[in-house]
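Heads up, the thing below is written out as structure tokens.
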Amino acid sequence: MQKLNNRLILITLLIFMVSLFFDAFTIRDMGRVINYPSFEVFLVGPISFFGGAGREFLTWTANIWFFVSIVCVFRKYYLISIISGLIAFLIAGSFTFCEEVLAVENRRTAEIINLNAGYSIWLISILSIIFS
Numbered sequence: 000m001q002k003l004n005n006r007l008i009l010i011t012l013l014i015f016m017v018s019l020f021f022d023a024f025t026i027r028d029m030g031r032v033i034n035y036p037s038f039e040v041f042l043v044g045p046i047s048f049f050g051g052a053g054r055e056f057l058t059w060t061a062n063i064w065f066f067v068s069i070v071c072v073f074r075k076y077y078l079i080s081i082i083s084g085l086i087a088f089l090i091a092g093s094f095t096f097c098e099e100v101l102a103v104e105n106r107r108t109a110e111i112i113n114l115n116a117g118y119s120i121w122l123i124s125i126l127s128i129i130f131s
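Going by numbering that gives the first Met the number 0, the sequence shown opens with residue 0, and the numbers climb by one from there.
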């Protein structure tokens, strides 16, 4: 059973890492179409709060809940793992309802025109930890 859990966690982390190689979302900002790579969003997310991106930072915190869930599986706290995984999924999934994101620090927003593969794969990685 432990080997199976370790494999499922490894698969989950691989799915998460694969998501970092794709674009997360596409915005339209002042007539330009801009793709945001998932890796960039993952790295800049923790400091986005300081630039005024509260909603975007909240979405990024799904990563924290995701990693808490993984640690709980390792420690065999399965119920806490499921709960933290569900919290991560709800937070991450709430981004689908966002119509715009902060484009620059002067509070100018840009329209989200597409959620790309990186975002979808990220959601799949969160779902996979819930079911592992």
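Each residue gets a CB set at the ideal place from its N, CA and C atoms; glycine is no exception.
All figures in this text were calculated on a predicted structure; none of them were measured in a lab.
| Item | Value |
| --- | --- |
| Pick from 98, 95, 66: whose alpha carbon is nearest that of residue 16? | 66 |
| Spell out a yes or no on whether the stretch 114-129 and the stretch 4-24 are touching, meaning 3 or more CB-CB pairs, one atom from each, closer than 8 Å. | yes |
| Assuming residue 56 is part of the alpha helix (DSSP H), what are its boundary residues? | 53-59 |
| Taking the alpha carbon of residue 125 as the reference point, which residue from 63, 99, 111, 39 has its own alpha carbon closest? | 63 |
| Which one or two residues does DSSP pair with residue 99 in a beta bridge? | 110 |
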